Amino acid sequence: MIPAQAYLPWKLSVSILHLIAALSSVLRVEYRRRTRRLWWDDYASIVSAIFGCFSIAITWLLLGRFDDSEHSQRLKIALSYMNQICFGFTIWWSRISLALAIVRITPVWSKTRSWVIGFICAFILIFVMHLVGIPVTCAMNTAWQYVKGDILICGPSYGVTIASLIS
Numbered sequence: 001m002i003p004a005q006a007y008l009p010w011k012l013s014v015s016i017l018h019l020i021a022a023l024s025s026v027l028r029v030e031y032r033r034r035t036r037r038l039w040w041d042d043y044a045s046i047v048s049a050i051f052g053c054f055s056i057a058i059t060w061l062l063l064g065r066f067d068d069s070e071h072s073q074r075l076k077i078a079l080s081y082m083n084q085i086c087f088g089f090t091i092w093w094s095r096i097s098l099a100l101a102i103v104r105i106t107p108v109w110s111k112t113r114s115w116v117i118g119f120i121c122a123f124i125l126i127f128v129m130h131l132v133g134i135p136v137t138c139a140m141n142t143a144w145q146y147v148k149g150d151i152l153i154c155g156p157s158y159g160v161t162i163a164s165l166i167s
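Residue numbers (the UniProt record's numbering): 1 to 167.
Right, dumping it as structure tokens:
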């Protein structure tokens, strides 16, 4: 078993990494706006950066100290759901942004362009499946909600995990 660790270093390191990612996205979008070269990949990176910032706030709340009341338990469950949703948005919209950036540099006449557009559509479908699949799995399997501990995490089901790894 992993020994107990202080939460503050985890909060700070997660916050710093998320802030670096969000700031780099903001700088990228601002540069593209000034050069009048904004495109769909930039807008997709904005979505990812926004949910990355939400993830910072949720991490600080999730790693807070809670008592053993019913209200605290419900708050930890809600924070777990919000954390999973922010994680899904951050990861999948980053991937969609990268795929859109590839479309941007691919010539219109190239056969590769249609493949990349197909991958973008697949990424969007997988994102929607991830966004629906994990909360539904967590709502159906409620054993994780009654675990005594500081942090409640509902892990994805076996099927969702395999689908995420393949995608």
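We treat Cβ as the ideally placed atom computed from N, Cα and C, and that holds for glycine. Note that this is a predicted model, so its numbers are computed, not measured.
query: Residue ranges of each alpha helix (DSSP H) within the stretch 119-151, 4 or longer; result: none
query: Cβ neighbour criterion (16 or more within 10 Å) applied to A122; result: exposed
query: Minimum C-alpha distance to L16 - residue among I56, D42, V103, R32; result: Note that residue 16 is Ile in the sequence shown here, rather than Leu. Per the Cα distances, I56.
query: Range of the contiguous alpha helix (DSSP H) that encloses C86; result: 70-105
query: Euclidean distance between Cα positions of L100 and S69; result: 46 angstroms
query: Whole-angstrom distance between R36 and V108, CA atom to CA atom; result: 20 angstroms
query: Pairwise C-alpha distance: L23 and P9; result: 21 angstroms
query: Rounded separation between L63 and F87 - CA only; result: 16 angstroms
query: Residue environment, I105, which counts as buried when at least 16 other CB atoms sit within 10 Å; result: exposed
query: DSSP three-state assignment for T59, whether helix, strand or coil; result: helix
query: Delimiting residues of the alpha helix (DSSP H) encompassing S24; result: 7-34
query: Outcome for N83 when other beta-carbon atoms lying within 10 angstroms are tallied against a minimum of 16; result: buried
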